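Okay, so the sequence shown: first residue is 4 according to my numbering, each after it adds one. Built from N, CA and C at the ideal position, the CB exists for glycine as well. Since the structure is predicted, the reported quantities are computational estimates derived from the model, not experimental observations. Working notes for the structure below.
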Amino acid sequence: MTNIREPVWEEVCDAAHRDDVDMLDLLGWDHTQASSRHLCRPGWKRQQILLEALVKGSKRTINAYQQKEDISGAPSVDYLSREKISQRLGEEGNLEMIQWIHTEQTVEGLPSVTWSYLSSEDTNGCLRCAAKAGHKHVISWFKERGSIDEYTAYDIRYKGEAEGGRMDVITWLEDNEIHFDATSDGDAALADFVQSLPIFKWALSHNIPDRSSEYVIDNAVRSGCTEVLRYCFENQLSFRAYGPLTGFPSHDESYEAIKLAVNYGYITIQTDLWFGSTDQQFELIRWMHGRNVLHPNLSVSNLNYHSAICYDNLDVLQWAAEKGYLTEIDCDLYKHGSPETIEWLMKTFGIEEAEMYCYLASSGWKMLMCLPGYDQHVIKWNIEPMEWMLQRKWKKSQDEVQRWFQAEHITIEWLMHLWEHGTDK
Numbered sequence: 004m005t006n007i008r009e010p011v012w013e014e015v016c017d018a019a020h021r022d023d024v025d026m027l028d029l030l031g032w033d034h035t036q037a038s039s040r041h042l043c044r045p046g047w048k049r050q051q052i053l054l055e056a057l058v059k060g061s062k063r064t065i066n067a068y069q070q071k072e073d074i075s076g077a078p079s080v081d082y083l084s085r086e087k088i089s090q091r092l093g094e095e096g097n098l099e100m101i102q103w104i105h106t107e108q109t110v111e112g113l114p115s116v117t118w119s120y121l122s123s124e125d126t127n128g129c130l131r132c133a134a135k136a137g138h139k140h141v142i143s144w145f146k147e148r149g150s151i152d153e154y155t156a157y158d159i160r161y162k163g164e165a166e167g168g169r170m171d172v173i174t175w176l177e178d179n180e181i182h183f184d185a186t187s188d189g190d191a192a193l194a195d196f197v198q199s200l201p202i203f204k205w206a207l208s209h210n211i212p213d214r215s216s217e218y219v220i221d222n223a224v225r226s227g228c229t230e231v232l233r234y235c236f237e238n239q240l241s242f243r244a245y246g247p248l249t250g251f252p253s254h255d256e257s258y259e260a261i262k263l264a265v266n267y268g269y270i271t272i273q274t275d276l277w278f279g280s281t282d283q284q285f286e287l288i289r290w291m292h293g294r295n296v297l298h299p300n301l302s303v304s305n306l307n308y309h310s311a312i313c314y315d316n317l318d319v320l321q322w323a324a325e326k327g328y329l330t331e332i333d334c335d336l337y338k339h340g341s342p343e344t345i346e347w348l349m350k351t352f353g354i355e356e357a358e359m360y361c362y363l364a365s366s367g368w369k370m371l372m373c374l375p376g377y378d379q380h381v382i383k384w385n386i387e388p389m390e391w392m393l394q395r396k397w398k399k400s401q402d403e404v405q406r407w408f409q410a411e412h413i414t415i416e417w418l419m420h421l422w423e424h425g426t427d428k
């Protein structure tokens with residue numbers, strides 16, 4: 004039994020991207036075939052598969068979906084709208100799927116569909132994402148349709164191209180006479196143009212307003228653009244870090260940007276950084292601790308270690324406790340901790356097994372059954388450490404205890420019954 008593994012959403016998503024209908028039939032078009040124990044974990048539903056198939060243009064999957072459920076029906080369209088299908092298509096640059104949705108014309112290999120309001124929804128979002136990714140062919144198609152006005156041009160030029168650091172898109176837009184006067188718009192800001200030094204210099208030369216100049220350094224750090232940071236410092240531009248920075252990509256360029264901002268004095272111990280991926284940024288956290296620029300709030304707010312808690316990064320938690328940053332147990336540790344982490348917590352904080360089991364049994368939490376957009380909830384339990392503790396207490400095998408957790412409904416009372424009596428009866 005311990006070798007049996009049920010399918011997960013990532014495998015289903017991959018099958019949709021590869022247009023592998025046979026694999027989707029095997030894994031399931033929704034989570035309903037999963038066991039009761041497995042339903043404590045995030046599942047999926049049919050509309051999610053449709054979304055991923057549309058993004059990648061997986062025609063066999065789209066046709067198989069149409070045989071099961073009307074693509075243009077309210078459940079499908081509502082879900083696609085809620086999950087911003089237009090933006091996903093713009094990001095992917097899948098012009099054929101964009102044309103299918105926006106023109107409602109038959110596309111070879113796809114069913115004839117009337118998309119209702121979806122066809123006229125969020126053109127700006129689609130174009131913004133296309134510009135950010137450099138998909139000029141998508142912008143060109145919308146321009147030929149006459150779908151680009153002054154407001155759309157703003158989204159393309161001063162959001163999409165700026166966020167993507169796409170100097171090539173700026174040049175292409177100018178060559179194709181898609182213009183917008185940023186100096187007359189209240190939303191255009193210099194802080195949007197820090198993804199690359201050429202884009203930043205272009206914005207300065209075109210007098211893009213610096214009305215949000217306090218965010219220039221913040222955004223440059225988030226984007227990992229050391230060139231902009233160095234340019235601002237060497238040219239004595241009067242920008243400052245205005246915290247907190249709410250996360251930044253976990254790659255080497257971001258590390259260098261953070262370190263450079265520390266060296267230049269843009270980031271100090273007063274700058275409250277939130278690390279969006281604590282495990283991958285552990286080296287940086289330790290470096291900042293060694294430089295004495297880690298914000299004091301880290302010592303009193305375990306929320307700064309939310310990523311380490313949710314992803315059960317025991318090495319990070321152990322370091323945080325050793326250095327005095329983790330001084331009490333965050334309730335999320337009961338929800339996400341592995342058996343190894345739970346055992347460490349008991350030793351570190353002096354918690355008896357019975358008390359810890361009670362904490363775990365009382366820490367079920369309501370969650371979406373599926374990914375965003377799903378309208379049904381279940382109670383999620385952190386089952387593995389409870390199984391481990393029951394094995395230890397009652398000297399049962401892993402298989403025996405796992406069979407207990409095949410129950411259709413799991414409640415606090417039932418979990419406590421297992422602890423007190425050692426049987427699921």
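In the DSSP assignment, the alpha helix (DSSP H) including Gln90 goes from what residue to what residue? Counting along the chain, the alpha helix (DSSP H) containing Gln90 begins and ends at Ile88 to Glu95.
Quick one: using the 10 Å Cβ neighbour count with 16 as the cut-off for buried, is Asp221 buried or exposed? It is buried - the Cβ of Asp221 has at least 16 other Cβ atoms within 10 Å.
How close, in whole Å, do the beta carbons of Gly168 and Arg131 come, if the pair is a contact with beta carbons under 8 Å? Actually they do not touch by this definition, with Cβ atoms about 14 Å apart.
Taking a contact to mean a Cβ-Cβ separation below 8 Å, would you say Pro212 touches Leu240 in this structure? Against a cut-off of 8 Å, the Cβ pair of Leu240 and Pro212 comes out as no contact.
Between Gln69 and Pro114, is the Cβ-Cβ spacing less than 8 Å? Yes, the pair counts as a contact, with Cβ atoms nearer than the cut-off.
Give the range of the alpha helix (DSSP H) segment to which Ser78 is assigned. In the sequence as presented, Ser is not what sits at residue 78; that position holds Pro. Here the alpha helix (DSSP H) through Pro78 covers Ala77 to Arg85.
I need the DSSP call for Ile261, collapsed to helix, strand or coil. The answer is helix: DSSP assigns Ile261 an H, G or I state.
Determine the DSSP secondary structure at Leu297, reduced to helix, strand or coil. Three-state result, Leu297: coil.
CB of Leu317 within 8 Å of CB of Thr351, strictly: Contact: no.
Hey, Ser75 and Trp118 are a contact pair by Cβ (cut 8 Å); roughly how many whole angstroms apart? The distance from the Cβ of Ser75 to that of Trp118 is about 6 Å, consistent with a contact at the 8 Å cut-off.
Which residues in the same chain as Lys135 place their Cβ atom closer than 6 Å to its Cβ, once the five residues preceding and following it in sequence are excluded? Within the same chain, Lys135 has close Cβ partners Gly163, Glu166 and Gly167.
Compare the C-alpha of Tyr157 against each of Ile173, Trp32 and Gly340 and name the closest. Distance from the Cα of Tyr157 is smallest, within the candidate group Ile173, Trp32 and Gly340, for Ile173.
Between which residues of its own chain and Gly60 is the CB-CB distance below 7 Å, once the five residues before and five after are set aside? Closer than 7 Å at the Cβ level, and outside the excluded window around Gly60, lie Asn97, Glu99 and Met100.
Use the C-beta contact count for Arg85: other C-beta atoms within 10 angstroms, 16 or more gives buried, fewer gives exposed. Label assigned to Arg85: exposed.
Ignore the nearest five residues each way along the sequence and tell me which others in Cys235's own chain have a CB closer than 6 Å to its CB. These residues qualify, in order along the chain: Phe242.
Per-residue burial, Leu29 [other beta carbons within 10 Å of its own, 16 or more giving buried]: That one is exposed.
Distance between Val231 and Ile225 (C-alpha atoms, nearest Å): It is Arg, not Ile, that sits at residue 225 in the sequence shown. Taking the straight line joining both Cα atoms gives about 12 Å.
According to DSSP, simplified to helix, strand and coil, what is Lys440? Absent from the structure is residue 440, since the part of the chain shown begins at 4 and ends at 428.
Among all the DSSP beta bridges, which residues are the ones paired with Leu232? In DSSP, Leu232 forms no bridge with anything.
According to DSSP, simplified to helix, strand and coil, what is Tyr276? The residue you asked about is not Tyr; residue 276 is Leu in the sequence shown. Three-state DSSP puts Leu276 in a strand.
Inter-residue spacing [alpha-carbon to alpha-carbon] between Ala67 and Gln36: Spanning the two alpha carbons is a distance of roughly 19 Å.
Ile382 (DSSP reduced to helix, strand or coil): In the structure shown, Ile382 sits in a strand (DSSP, three-state: E or B).
From Asp171, Ile181, Lys139 and Thr330, pick the residue whose C-alpha is nearest to that of Ile151; which is it? Out of Asp171, Ile181, Lys139 and Thr330, the CA that lies nearest to the CA of Ile151 is found in Ile181.
Taking DSSP as the reference, what is the three-state secondary structure of Asn266? Helix, per DSSP.
Same chain only: Cβ atoms within 6 Å of Lys139, ignoring 5 sequence neighbours per side: The residues are Trp175.
Would you tell me roughly how many angstroms separate the C-alpha atoms of Trp47 and Val80, rounded to the nearest one? C-alpha separation (whole angstroms): 17 Å.
Among the residues of its own chain, which have a CB less than 8 Å from the CB of Asn295, if the five just before and after it don't count? So the list reads Ile272, once near-sequence residues are dropped.
Do the CB positions of Asn127 and Tyr154 come within less than 8 Å of each other? For the 8 Å CB-CB criterion, Asn127 and Tyr154 form a contact.
Mark Pro299 as exposed unless 16 or more other C-beta atoms lie within 10 angstroms of its C-beta, in which case mark it buried. Answer is exposed; the Cβ neighbour count stays below 16.
Let's test the definition: count the other Cβ atoms within 10 Å of the Cβ of Gly340 and tell me whether it reaches 16, buried, or not, exposed. Gly340 should be labelled buried.
If you run the structure through DSSP and keep just helix, strand and coil, what is Phe196? Three-state DSSP puts Phe196 in a helix.
Roughly how far, in whole angstroms, is the beta-carbon of Leu287 from the beta-carbon of Ile261, given that I think they are within contact range, below 8 Å? Indeed they touch by this definition, with Cβ atoms about 6 Å apart.
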